[in-house]
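*Asks:*
Residue numbers (UniProt numbering): 1 to 172.
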């Protein structure tokens, strides 16, 4: 039941994967937020630190590049992007508002990438759904990262950056 002035949740869909046959590290988010959906770009909201956190890991200014070049630079370094949720009902952009999630078939997807060595989950929702599907006996390193979202403000950016540095091990 909706509260007065509340809008009904809208069905929101994720983007296609940004991967190739050389992907060694796959970073999985939950579901793109409204700003990302509007712009058709992963992590488009200005308050999301994804591009600067990953840029720190790679030693590159990803945020300063056009979006298509960001994706190209990631693929050149063996990094792929995708989301664990195909579609869901959600009012706004918060993971806590996700309802009726349709999950991706991650085991089938990751089996297509023989070079894949690690999967990193950007935030708790991605980790919850992703780990449940992939399982601990997959032979892949599974890495839980603090969310890059600006909505996850209880951890300072410096602490997030420290945690994200773990990804260097799987990046060329």
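All C-beta atoms, glycine included, are put in the ideal place defined by N, C-alpha and C. All figures in this text were calculated on a predicted structure; none of them were measured in a lab.
Does the pairing of the region 49–69 with the region 86–106 give three or more beta-carbon distances under 8 Å?
*Replies:* The region 49–69 vs the region 86–106: no contact.
*Asks:* Looking at the structure shown, is residue 80 part of a helix, part of a strand, or coil, going by DSSP?
*Replies:* It is a strand residue.
*Asks:* Where do the ends of the beta strand (DSSP E) carrying residue 153 lie?
*Replies:* Counting along the chain, residue 153 falls outside any beta strand (DSSP E), and DSSP gives it neither H nor E.
*Asks:* Can you round the beta-carbon distance between residue 177 and residue 148 to whole angstroms, since I take them to be within the 8 Å contact cut?
*Replies:* Nothing can be reported for residue 177: it is not among the residues displayed for the chain, which extend from 1 to 172.
*Asks:* Is it buried or exposed, residue 104, if we count other Cβ atoms within 10 angstroms and call 16 or more buried?
*Replies:* Looking at its Cβ environment, which holds 16 or more other Cβ atoms inside 10 Å, residue 104 is buried.
*Asks:* Quick check: the Cα distance between residue 151 and residue 22, rounded to an integer number of angstroms?
*Replies:* Taking the straight line from one Cα to the other gives about 32 Å.
*Asks:* Threshold first: 4 residues or longer. Then list the alpha helix (DSSP H) segments lying entirely within the region 16–71, N to C.
*Replies:* Counting whole runs of 4 or more residues, the region 16–71 contains the alpha helix (DSSP H) stretches 34–39, 50–58.
*Asks:* Please name the residue, chosen from 154, 128, 156, that lies closest to residue 143 on a Cα-to-Cα basis.
*Replies:* Checking every option, the nearest Cα to that of residue 143 belongs to 128.
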